[in-house]
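Below is one structure, written out as structure tokens; the observations come after it.
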Amino acid sequence: SVLIHAAAGGSGSAAIQLAVNAGARAFATAGTDDKVKLCRDLGAQVAINYNTTDFADVVLAETENKGVDVVFDNVGEAVMEPPMKCTKYNGRYVMMGFASNKVVADEPFLVPRRIMLGNLKVCGVMLAYTPPDVSEFLKTGMGWNFIDAALGEQIMREIVDLVLAGKVRPVVGNVIGFDQIPAAIEAMANRETVGRTIAKVETPLSEAALDVSIRNWITPQRLLDRVPPRPRGPDEPSLVAAARGAAPEHA
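Quick note on numbering: the numbering used here labels position 5 of the sequence shown as 2, and the sequence is numbered without any gaps.
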């Protein structure tokens, strides 16, 4: 069983479908009745409007007061305590985002005794795929573990296969122009969006320019003074080509 927060959003809507496809019982929370209906349409067996109902009470009642095996949380601080309350013994609390308050993302706020008495596992998940040299750079520089690009490609292929088989579908709530991104971010912050919001770039970047952008983005800000952003060297693989699953082509 899986409890999924922000279940009508981009990640949440995918998590519902992946959980159901894996044979799990999906509990979904969302903030409006329309979003709750979307969650049910995506396969959630139990969908709860958290603005009108205490979702923890519902989850416990539906699981004979044992709780769920997995909590999928990309909301963070605003919802952490109630789902920990309804996590099963030896269950997993999957922490993959801090949408409610990104300030605490780099601040201590978990209480060790709460985790110990809950007999649960807190699992951090960051599905960013990088070449081995970048993974090593992030590990030695920051202590972060990023998934190797080869494993990332395998995971992506498996998800694409599910989409092609009609078992999972992307939920696109809105398609916008590039200049509308600030308004879209504000709408997301106000919980007015569903699924993914797609921004169209009318003037495509060259692969070389896009590769530099990606390489600069994945470089931790705190290391920029020591390791300046740079284009890839002549013998380095293209991150763009790797993401496409194509053979590297040097610019």
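Quick reminder that beta carbons are idealized off the backbone N, C-alpha and C, glycines included.
inquiry  = Once DSSP output is grouped into helix, strand and coil, what is the label at VAL91?
reply    = For the purposes of this step, residue 91 is taken as residue 94 along the sequence shown, with counting starting at 1. Three-state result, VAL91: strand.
message = Under 8 Å, with one C-beta from each stretch per pair, do the region 92 to 102 and the region 65 to 80 reach the 3-pair mark?
response = yes
message = Just verifying my parser: in three-state terms, what is the DSSP assignment at VAL110?
response = Numbered from its first residue, the sequence shown carries residue 110 at position 113. Inspection of the sequence shows that residue 110 is occupied by Arg rather than by Val. Three-state DSSP puts ARG110 in a helix.
message = Please give the ranges of any beta strand (DSSP E) in the region 24 to 63, keeping only runs that are unbroken, at least 3 residues long and fully inside the region.
response = 43 to 46
message = Under 8 Å, with one C-beta from each stretch per pair, do the region 134 to 152 and the region 97 to 114 reach the 3-pair mark?
response = no
inquiry  = For ALA25 and PHE175, I'd like the C-alpha separation in whole angstroms.
reply    = Within the sequence shown, numbered from 1, the residue matching residue 25 stands at position 28. Within the sequence shown, numbered from 1, the residue matching residue 175 stands at position 178. Going from the Cα of ALA25 to the Cα of PHE175 covers about 31 Å.
query = Do ILE152 and VAL169 come within 7 Å of each other at the CB atom, strictly closer than that value?
reply = For this step, residue 169 is matched to residue 172 along the sequence shown. For this step, residue 152 is matched to residue 155 along the sequence shown. No. Outside cutoff.
ask   = Excluding the five sequence neighbours on either side, which residues of its own chain have a C-beta within less than 6 Å of the C-beta of VAL101, listed in chain order?
value = Walking along the sequence shown from the start, residue 101 turns up at place 104. Around VAL101: GLU74.
query = Are ALA27 and ALA4 close, meaning C-beta to C-beta below 7 Å?
reply = Working through the sequence shown from its first residue, we reach residue 27 at position 30. Working through the sequence shown from its first residue, we reach residue 4 at position 7. Cβ atoms of ALA27 and ALA4: closer than 7 Å.
request  = May I have the straight-line CA-CA distance separating VAL191 from LYS32, to the nearest angstrom?
outcome  = In the sequence shown, residue 191 corresponds to position 194, counting from 1. In the sequence shown, residue 32 corresponds to position 35, counting from 1. VAL191 and LYS32: Cα-Cα distance of roughly 7 Å.
query = If you draw a straight line from the alpha carbon of THR216 to that of GLY149, how long is it in whole angstroms?
reply = The residue given as residue 216 occupies position 219 in the sequence shown. The residue given as residue 149 occupies position 152 in the sequence shown. For THR216, the predicted structure reports a pLDDT of 43, less than 50, and the residue's modelled location is therefore unreliable. A value from the coordinates is still provided. Near 18 Å, if we compare the C-alpha coordinates of GLY149 and THR216.
query = With a CB to CB cut of under 7 Å and the five nearest residues on each side skipped, what residues in its chain are close to GLU78?
reply = If you number the sequence shown from 1, residue 78 lands on position 81. Cβ neighbours of GLU78 beyond the five flanking positions: none.
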